[in-house]
Amino acid sequence: MLYSFGIEIILLFVRVLALFSKKTAHFLKVRANSLETIQSKISVNDQVLWFHCASLGEFEQARPLIESCKKDFPNHRIALTFFSPSGYEVQKNYAFADVVTYLPLDRKKSVLRFIEALRPQVLFLIKYEFWPNLISELQKQKIPVFSVASIFRKQQLFFKPWGFYMKNILKKIDFFFVQNEASQKLLSSVGIENTLVIGDTRTDRVLDILNQDNTNETIADFIQDQDCFVVGSSWPEDVAILSKTIDSKSNLKTIIAPHNVDEASLRQVELSFHKTVIRWSDLSQQKKEDADILLIDCVGILTKIYSYADIAYVGGGMGTKGLHNTLEPAVFGIPILIGKNYTRYQEASDLVALGGIVSVDSSVLFENEFLKIVADKSLQKEMGLTNLNYIKKQAGATSKILLKLKEVY
Numbered sequence: 003m004l005y006s007f008g009i010e011i012i013l014l015f016v017r018v019l020a021l022f023s024k025k026t027a028h029f030l031k032v033r034a035n036s037l038e039t040i041q042s043k044i045s046v047n048d049q050v051l052w053f054h055c056a057s058l059g060e061f062e063q064a065r066p067l068i069e070s071c072k073k074d075f076p077n078h079r080i081a082l083t084f085f086s087p088s089g090y091e092v093q094k095n096y097a098f099a100d101v102v103t104y105l106p107l108d109r110k111k112s113v114l115r116f117i118e119a120l121r122p123q124v125l126f127l128i129k130y131e132f133w134p135n136l137i138s139e140l141q142k143q144k145i146p147v148f149s150v151a152s153i154f155r156k157q158q159l160f161f162k163p164w165g166f167y168m169k170n171i172l173k174k175i176d177f178f179f180v181q182n183e184a185s186q187k188l189l190s191s192v193g194i195e196n197t198l199v200i201g202d203t204r205t206d207r208v209l210d211i212l213n214q215d216n217t218n219e220t221i222a223d224f225i226q227d228q229d230c231f232v233v234g235s236s237w238p239e240d241v242a243i244l245s246k247t248i249d250s251k252s253n254l255k256t257i258i259a260p261h262n263v264d265e266a267s268l269r270q271v272e273l274s275f276h277k278t279v280i281r282w283s284d285l286s287q288q289k290k291e292d293a294d295i296l297l298i299d300c301v302g303i304l305t306k307i308y309s310y311a312d313i314a315y316v317g318g319g320m321g322t323k324g325l326h327n328t329l330e331p332a333v334f335g336i337p338i339l340i341g342k343n344y345t346r347y348q349e350a351s352d353l354v355a356l357g358g359i360v361s362v363d364s365s366v367l368f369e370n371e372f373l374k375i376v377a378d379k380s381l382q383k384e385m386g387l388t389n390l391n392y393i394k395k396q397a398g399a400t401s402k403i404l405l406k407l408k409e410v411y
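Here it is, written out as structure tokens:
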């Protein structure tokens, strides 16, 4: 009751804010159209497997499972919902989903109408999404709910004496596929035993990357025979600790793929270096051999770029935006550096402990660690193998989920 009242208060606030904010107005508008979107894509007799992701990061964890379900359940329709625009806008035309839309706000009436329109056979909640009214209504309708790639920490509300309401919501979920044993033990401490440790589903996807064609002649021509350092998904805080070392290191080709590729962000990167920087879009007009740094001003090619790296730095960890995907470079068997904020990411924590990833918190520490790795080819190989072997060991999460799905459905 109190939770639902709180949702109504939040909705009222959002509606007022929408009068002054185009972004907030869009947030409401796209949700208002979600039922119409479903009705245009899903018919009454369709059997639907529903996947919900908060944003793009969670989608990457859902992706291998979605694509496997499409193969194993060819007569079913796939519904994919997002809460955040950053996920929806990038994946709204995702080929393996029959309908992609937004999850409504967690109001009882909105949730009921949404479920009645979609009529799912099962819902997969990816990682952190635990909406009380949604989960309660699905339980009432006897629709199974699976939590996939979930990870729990003792600081969370579920495990506090005053968190009994959210604790009871967790108990309504049919099964938890968790990333680590610590999460399994935490769930057990509050009486939840329907769990299985599977690791991270993204490991299955990144292993597939090794089987695709990752060659790119343009990148190869830029690097020539020099060492290649790739900076992936960088933010200004990341570039700030890298620039001095990159400027001072000779015989090094650096490729930087910033998270944001708007003109202001690209210009900020260019102004951070004394070395010659050339943009990806300008390569045909300029001599790439004259540049030391290649600035990627488009999206969608970072995976191929990582395949050419001798060393990689994955951005997001120096600020509060969140560490980006370390598994993509790790699968190519290369050493990785990251910023200081990584403990919320299981794979990063594991690989730091194993020695395949090095965390740095300053330009001085980055310089020391980077130059040490560059100078020692045996260390590069050792760190790279640690990363690749970790991924191979973690593989198989998707097949474990499918086995359980076939048991109950």
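Everything in the sequence shown is counted per this note's numbering, starting at 3 for the first residue and increasing by one. Don't be surprised by glycine CBs; every beta carbon is placed ideally from N, CA and C.
Taken in chain order, the complete alpha helix (DSSP H) segments of 4 residues or longer contained in the segment 49-103 are 58-74 and 87-93. Rounded to the nearest angstrom, the gap between the Cα atoms of H54 and I307 is 30 Å. Looking at the DSSP output, V279 shares a beta bridge with I295. The three-state secondary structure of K255, taken from DSSP, is strand. Linking A350 to V316 through their CA atoms gives a straight-line distance of about 10 Å. Looking at the DSSP output, D229 shares a beta bridge with L254.
For Q123, there is no enclosing alpha helix (DSSP H); the residue is found in the beta strand (DSSP E) stretching over P122 to I128. Contact between G319 and K342 holds, with the beta-carbon distance rounding to 6 Å and staying under 8 Å. Beta-carbon to beta-carbon, I313 and F231 are separated by about 5 Å, close enough to satisfy the 8 Å threshold. A residue is called buried once 16 or more other Cβ atoms fall within 10 Å of its Cβ, and C71 is buried on that count.
Residues P260 of the same chain have their beta carbon placed closer than 6 Å to that of S267, with the five preceding and five following residues left out of the count. Under the 10 Å beta carbon count, I393 is surrounded by 16 or more other beta carbons and is classified as buried. With respect to the 9 Å criterion, L127 and I117 are not classified as neighbours on the basis of their beta carbons.
Relative to the Cα of D100, the nearest Cα in the group Q49, K379 and S88 belongs to Q49. Beta-bridge pairing by DSSP links G234 to A259 and V316. Per DSSP, A27 is one residue of the alpha helix (DSSP H) stretching across K24 to A34. Around the beta-carbon of W164, fewer than 16 other beta-carbon atoms lie within 10 Å, marking it exposed. Buried is the label assigned to H326, since at least 16 other Cβ atoms lie within 10 Å of its Cβ.
Only residues of its own chain outside the window of five on either side were considered, and among them I313, A314, Y315, V316, T328, P331, A332, L353, G358, I359, V360, M385 and N389 have a CB closer than 8 Å to the CB of I338, listed in chain order. Beta-carbon to beta-carbon, F166 and T197 are separated by about 20 Å, too far to satisfy the 8 Å threshold. Counting along the chain, the unbroken beta strand (DSSP E) around F148 starts and ends at V147 to S152. The beta carbon of L244 is closer than 7 Å to those of V233, Y315 and F368 in its chain, skipping five residues each way along the sequence. Across the set D292, D202 and L14, the C-alpha of D202 shows the shortest separation from the C-alpha of A397.
Approximately 5 Å separates the beta-carbon atoms of I295 and T256; this is inside 8 Å, confirming the contact.
CA-CA distance, V16 to S88, rounds to 19 Å. Excluding sequence positions up to five before and after K379, its CB lies less than 6 Å from no other CB in the same chain. Distance check between L285 and each of F224, L407, G321 and I258 places F224 closest, using alpha-carbon atoms only.
Straight-line measurement puts the Cα of L37 at about 15 Å from the Cα of R109. With the rule of 3 Cβ pairs closer than 8 Å, the segment 170-188 counts as touching the segment 134-149. Nearest in C-alpha terms to I336, of all of D229, I80 and F61, is D229. Along the segment 310-364, the alpha helix (DSSP H) occurs as fully enclosed runs of 4 or more residues at 329-332 and 348-356, listed in sequence order.
Less than 9 Å divides the Cβ of S235 from the Cβ of L304. Note on S152: 16 or more other CB atoms within 10 angstroms of its CB, so buried under the neighbour-count rule. Between D206 and P66 the beta-carbon gap is near 4 Å, inside 8 Å, which marks them as a contact.
Non-local C-beta neighbours of F372 in its own chain, meaning closer than 6 Å and more than five positions away in sequence, comprise T247, ordered along the chain. Judged by DSSP in its simplified three-state form, F15 adopts helix.
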